[in-house]
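A.B. asks: Numbering (mature numbering (1 follows the signal peptide of the UniProt record, and there is no 0)), first residue to last: -21 to -1, 1 to 769. We put the CB at the ideal spot given by N, CA and C, even for glycine. Here the structure is a predicted model, which is why all the values come from computation and not from measurement.
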């Protein structure tokens, strides 16, 4: 018993596995170089290696930790046994495959000796021609290891700090049947609600971010320098229409500006992101700003850009946007016609339009190629290229969905006269093969579900790697990202090197366009003998007359692609049934308002916002969608509130007559043919003639009359409702209080009473004066007889 107690006591005093005694005494233990220091490969020159030619590997050692580490040497080596498939390339890069066969040392470089926290030490490995002569004569994907450590550790990849990447070699043997490759690049707008802002500064900043010189749109055009690239363009990106401000601002909204206290901070416009300096333990590999390392003569670089004081910037203006739009138009106008394909304006979500069964009359405007606000000068550019293209956000479209989608597009365009019937649809290649691992065969195939429609099958694996390239560049370097993509294509070719095959690369929208990656990728793609660039138009035309296939309904498979599947999924649409119905109501309201407004400039610009709300850009961006939707709803709602009937009280003192009411227009636009309907609440008053159609000038009022008949005496209430001929209500129904006193019997009583009163007054006067008395006879004027006799 005592022995057992002693054993239990001793075991209870021993430290647990999560905290040793040394840990408790000494605090945190410094991490190893392998935990903190990373090798980043920035550049491979030339991108595609040829045996017998010199190669330069350039990169950095980055310390992403909080502790300085001693690293004095770096070496690069490859395996002479190449990787012969996409699967092997993926396994090697994911640490799922070891070096196989003899290892060839390419070269080394002296670095360090110390890599300070959040600092980067550059390296450069020069590989002489005599070393590359030993590379295989056939085109190969060579596993490359760059390792770093203290003296002697970096030899043959033995250093604690290592980077797994690849080196593509063209070999010296001629390739008879290269892989036909076609790039299809979307040039669409990001899900930024500020693109739809009526405020010039906010709107301009968002548009410069979307299409300016630092945007992904410009990056794809400037940095992907390959022949035959097809650009699938949203025409709305060429207009930059700024919606009109509200035509009417209710007084309640006008009185909300703060007048006292400190001003509230101004939020940053949505869609723009500030890039703060990264903390010491999360340094980014993208910065290369030189910075000294204390107590060391070695050259180092900052792993993150040094923080700088905020400098005042000039707000973006509409002129800046117009200049950026002009540059984009010029770039597109310089491309061959067959390399420009046009989506419907604002890139509508065809899957949601089909799912919600949008009526063809409404869908026609949403599927038009010409955007709202397009000027005549834009017509020649919009007249080029293909206009019968659809790129639905459907990873696994069924045959039924495709049939209904094609029918919707064709019927809407036929009814609206806005474009051609659908001819090309861009889909994942799994829709034909049902397998993400299947080797590419045909790049374009006619569909059984839609006669006359050809599907362009996008290789999901390659396209997802393109979308991931910016993240890979930040983690492993731009050179490593470009090498991964080229190795993937070479692995694809090596799976069946003698077979004619077609590979379509289409990065999902929106995908970033890292310039360093695209620059090296373009150089390598042009130099790769296993790749032969062709245009998408060539693939579509080559598919004419070939056997049509039925859609499989399969999506890109996570079992094959892993986390890359997340880059291909379109995300959840914010368009619920209720919201889709609300957008339909808004469309009807805009139609009705345009029928009565003399100037429809504002409503036309809001129609562009409505079209944008149907865009596929809002997938997984519900917050941005609701922000844009609320602005449009307020604009349309305030317009309806800006014209209304003025409440009043009326004394109606006749059997039948006219009643006047006042209509007030607080909009800055005149209106015509408004419908004013007056309804009595009870039987005391009858409306026998409704008001005539109402026309009213901008910021003015009008008196409108209607005819009514008194039925009985008393008070009643009329309800006056103002609306458009289409039925959209303007303002709220307004009560008109009426005091009804019909002439009827009481008028005769009054008249009779007045007549009796006059009679009585006359009789009273006659009685008061009495009978009339006769006057005496007048004396003769000639004098008396006596007077005559005298």
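Assign residue 439 to one of three DSSP states: helix, strand, or coil.
C.D. replies: Here residue 439 is taken as the residue at index 460 of the chain shown, counted from 1. Residue 439: helix per DSSP, three-state reduction.
A.B. asks: Given this structure, state the Cα-to-Cα distance separating residue 433 from residue 423, to the nearest angstrom.
C.D. replies: Against the chain shown, residue 433 aligns to sequence position 454. Against the chain shown, residue 423 aligns to sequence position 444. Between residue 433 and residue 423, the C-alpha separation is close to 7 Å.
A.B. asks: Kindly provide the ranges of any beta strand (DSSP E) runs that are 3 or more residues long and lie completely inside the region 451 to 521, ordered along the chain.
C.D. replies: DSSP runs (the beta strand (DSSP E)) wholly in the region 451 to 521: 481 to 484, 510 to 512.
A.B. asks: For residue 716 and residue 571, I'd like the C-alpha separation in whole angstroms.
C.D. replies: Within the chain shown, residue 716 is the residue found at index 737, counting from 1. Within the chain shown, residue 571 is the residue found at index 592, counting from 1. Between residue 716 and residue 571, the C-alpha separation is close to 30 Å.
A.B. asks: Could you please give the first and the last residue of the uninterrupted alpha helix (DSSP H) stretch that includes residue 359?
C.D. replies: On the chain shown, position 380 is the one that residue 359 refers to. Taken as a continuous stretch (DSSP letters only), the alpha helix (DSSP H) holding residue 359 covers 358 to 361.
A.B. asks: Based on the DSSP output, what are the partners of residue 335 in its beta bridges?
C.D. replies: The sequence position of residue 335 within the chain shown is 356, counting from 1. DSSP lists no partner for residue 335.
A.B. asks: Taking the alpha-carbon positions, what's the residue 145 to residue 183 distance?
C.D. replies: Taking the chain shown and counting its residues from 1, the one referred to as residue 145 is at position 166. Taking the chain shown and counting its residues from 1, the one referred to as residue 183 is at position 204. Looking at the two C-alpha atoms, the distance is approximately 43 Å.
A.B. asks: Should the region 331 to 351 be called in touch with the region 212 to 224, which here means at least 3 C-beta pairs below 8 Å?
C.D. replies: The region 331 to 351 vs the region 212 to 224: in contact.
A.B. asks: For residue 7, count neighbouring Cβ atoms within 10 angstroms of its own Cβ and tell me buried if that reaches 16, exposed if not.
C.D. replies: Within the chain shown, the letter at position 28 stands for residue 7. Because residue 7 carries a pLDDT of 37, less than 50, the predicted location of this residue cannot be relied on, and the following value inherits that uncertainty. So residue 7 ends up on the exposed side.
A.B. asks: Would the region 674 to 683 count as touching the region 595 to 607 if we require 3 or more Cβ pairs under 8 Å?
C.D. replies: The region 674 to 683, when compared against the region 595 to 607, does not touch it at the 8 Å Cβ threshold.
A.B. asks: Going straight from the alpha carbon of residue 108 to that of residue 64, what length do you get?
C.D. replies: As a first step, residue 108 is located in the chain shown; it is residue number 129 there, counting from the start. As a first step, residue 64 is located in the chain shown; it is residue number 85 there, counting from the start. Computed Cα separation, rounded: 27 Å.
A.B. asks: Since residue 644 sits in a beta bridge, which residues does DSSP pair it with?
C.D. replies: The residue you call residue 644 lines up with position 665 of the chain shown. Answer by DSSP bridge pairing, in chain order: 622, 679.
A.B. asks: Near residue 310, what residues of its chain come up, given a Cβ to Cβ distance below 7 Å and the 5 sequence neighbours on each side ignored?
C.D. replies: Along the chain shown, one-based indexing puts residue 310 at 331. Cβ within range, chain order: 200.
A.B. asks: Below 7 Å, is the gap between the Cβ of residue 390 and the nearest heavy atom of the ligand ATP?
C.D. replies: Judged by which ligands are present, the structure shown has none, so any question about the ligand ATP falls away.
A.B. asks: Please list the segments of the alpha helix (DSSP H) lying wholly inside the region 343 to 422, counting only runs of 4 or more residues, in order along the chain.
C.D. replies: Those alpha helix (DSSP H) runs which fall completely within the region 343 to 422 and span 4+ residues are 358 to 361, 378 to 395, 409 to 412.
A.B. asks: Contact check, residue 211 vs residue 320 under 8 Å by CB: the rounded distance?
C.D. replies: Along the chain shown, one-based indexing puts residue 211 at 232. Along the chain shown, one-based indexing puts residue 320 at 341. Indeed, because the Cβ distance is near 5 Å, the residues count as touching under 8 Å.
A.B. asks: Per DSSP, what kind of secondary structure is residue 27 in: helix, strand or coil?
C.D. replies: Position 48 of the chain shown holds residue 27. Of the three classes helix, strand and coil, the one that applies to residue 27 here is coil, per DSSP.
A.B. asks: Thinking residue 651 and residue 575 are a contact (beta carbons under 8 Å), I'd like their distance in whole angstroms, please.
C.D. replies: The residue labelled residue 651 in the question sits at position 672 within the chain shown. The residue labelled residue 575 in the question sits at position 596 within the chain shown. With a Cβ gap of about 6 Å, residue 651 and residue 575 count as contacting.
A.B. asks: Verify whether the separation of the beta carbon atoms of residue 127 and residue 40 is less than 8 Å.
C.D. replies: Here residue 127 refers to the residue found at position 148 of the chain shown. Here residue 40 refers to the residue found at position 61 of the chain shown. Yes, the Cβ-Cβ distance between residue 127 and residue 40 is below 8 Å.
A.B. asks: What are the partner residues of residue 816, as DSSP defines its beta bridges?
C.D. replies: In the structure as shown, the chain starts at -21 and stops at 769, and residue 816 therefore has no counterpart that could be examined.
A.B. asks: On the CB-based measure, 16 or more other CB atoms within 10 Å of its CB, does residue 770 come out buried or exposed?
C.D. replies: One cannot answer for residue 770 here, as it falls past the ends of the chain, which runs -21 to 769.
A.B. asks: Mind pulling the alpha helix (DSSP H) runs of 4 or more residues that sit fully within the region 81 to 130?
C.D. replies: Taking only runs of at least 4 residues, the alpha helix (DSSP H) segments lying wholly in the region 81 to 130 are 108 to 111.
A.B. asks: Does the Cβ-Cβ distance between residue 855 and residue 611 come in under 8 Å?
C.D. replies: Here the chain has residues from -21 to 769 only, and residue 855 is not among them.
A.B. asks: Please report the residue range of the beta strand (DSSP E) in which residue 717 lies.
C.D. replies: Taking the first residue of the chain shown as 1, we reach residue 717 at position 738. Note, residue 717: beta strand (DSSP E), 708 to 719.
A.B. asks: Would residue 477 and residue 156 qualify as a contact pair, given that the criterion is a beta-carbon distance under 8 Å?
C.D. replies: Here residue 477 refers to the residue found at position 498 when the chain shown is read from its first residue. Here residue 156 refers to the residue found at position 177 when the chain shown is read from its first residue. Yes, Cβ-Cβ distance for residue 477 and residue 156 is below 8 Å.
A.B. asks: Taking a contact to mean a Cβ-Cβ separation below 8 Å, would you say residue 52 touches residue 87 in this structure?
C.D. replies: Here residue 52 corresponds to residue number 73 of the chain shown, with the count starting at 1. Here residue 87 corresponds to residue number 108 of the chain shown, with the count starting at 1. Yes; because the gap between Cβ atoms is below 8 Å, this pair is in contact.
A.B. asks: Given this structure, state the Cα-to-Cα distance separating residue 233 from residue 373, to the nearest angstrom.
C.D. replies: The residue labelled residue 233 in the question sits at position 254 within the chain shown. The residue labelled residue 373 in the question sits at position 394 within the chain shown. Only weak support exists for where residue 233 lies, its pLDDT of 44 falling under 50; the value from the coordinates is given anyway. Approximately 45 Å, taken between the alpha carbons.
A.B. asks: Is it a yes or a no for the region 381 to 388 touching the region 301 to 310, going by three-plus beta-carbon pairs under 8 Å?
C.D. replies: They do not touch, by the three-pair rule.
A.B. asks: Hey, could you find the ends of the alpha helix (DSSP H) residue 788 is sitting in?
C.D. replies: No answer is possible for residue 788: the residues shown for the chain start at -21 and end at 769.
A.B. asks: Can you tell me whether residue 580 is buried or exposed, with buried defined as 16 or more other CB within 10 angstroms of its CB?
C.D. replies: Within the chain shown, numbered from 1, the residue matching residue 580 stands at position 601. Burial call: exposed.
A.B. asks: Distance check for residue 705 and residue 365, CA to CA, integer angstroms please.
C.D. replies: On the chain shown, residue 365 is found 386 positions in, with the first residue counted as 1. On the chain shown, residue 705 is found 726 positions in, with the first residue counted as 1. Roughly 37 Å separates the two Cα atoms.
A.B. asks: With 16 as the cutoff for other CB atoms within 10 Å, does residue 632 come out buried or exposed?
C.D. replies: The count along the chain shown starts at 1 and reaches residue 632 at position 653. Classification for residue 632: exposed.
A.B. asks: By the 10 Å Cβ neighbour count, where 16 or more other Cβ atoms means buried, how is residue 450 classified, buried or exposed?
C.D. replies: Taking the first residue of the chain shown as position 1, residue 450 is located at position 471. Its Cβ having fewer than 16 others within 10 Å, residue 450 is exposed.
A.B. asks: With distance defined between alpha-carbon atoms, name the residue in 698, 92, 167, 361 nearest to residue 190.
C.D. replies: Counted from its first residue, the chain shown places residue 190 at position 211. Nearest C-alpha to residue 190: 167.
A.B. asks: With respect to the alpha helix (DSSP H) encompassing residue 196, which residues constitute its N-terminal and C-terminal limits?
C.D. replies: Walking along the chain shown from the start, residue 196 turns up at place 217. Start and end: 195 to 202.
A.B. asks: Which same chain residues end up closer than 6 Å to residue 507 when comparing Cβ atoms and leaving out the 5 residues on each side of it in sequence?
C.D. replies: The sequence position of residue 507 within the chain shown is 528, counting from 1. Here the set comprises 27.
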